[in-house]
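Presented below is the structure to which this report refers.
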């Protein structure tokens, strides 16, 4: 019964994950799942900053003077 109460408190993504796991358990198979969470926010921000710097530098280099 506690398992059903826990499911009521989960987000939609967690409910889908539990449903896939339960289906796999009933079929006797294991299912690989992709993690939806962003594991590298710092690295993503670093690459975004690099892209912005390259674009700004390109336009500054094109300005005469």
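In our numbering, the protein residues as written are 192 to 256. Even glycine gets a Cβ: it sits at the ideal position worked out from N, Cα and C.
Report the rounded CA-to-CA distance for residue 226 versus residue 205, giving the unit in angstroms.
-> Reading the chain shown from its first residue, position 35 is the one you call residue 226. Reading the chain shown from its first residue, position 14 is the one you call residue 205. Each residue's Cα considered, the two are about 11 angstroms apart.
What is the residue span of the alpha helix (DSSP H) that residue 240 lies within?
-> Within the chain shown, numbered from 1, the residue matching residue 240 stands at position 49. Where residue 240 is concerned, the enclosing alpha helix (DSSP H) stretches over 232–253.
Straight-line CA distance for residue 211 to residue 255?
-> Residue 211 sits at position 20 when you count from the first residue of the chain shown. Residue 255 sits at position 64 when you count from the first residue of the chain shown. Distance between the alpha carbons of residue 211 and residue 255: 59 angstroms.
Give the straight-line distance between the Cα atoms of residue 230 and residue 243, rounded to the nearest whole angstrom.
-> Looking up residue 230 in the chain shown gives position 39. Looking up residue 243 in the chain shown gives position 52. Between residue 230 and residue 243, the C-alpha separation is close to 22 angstroms.
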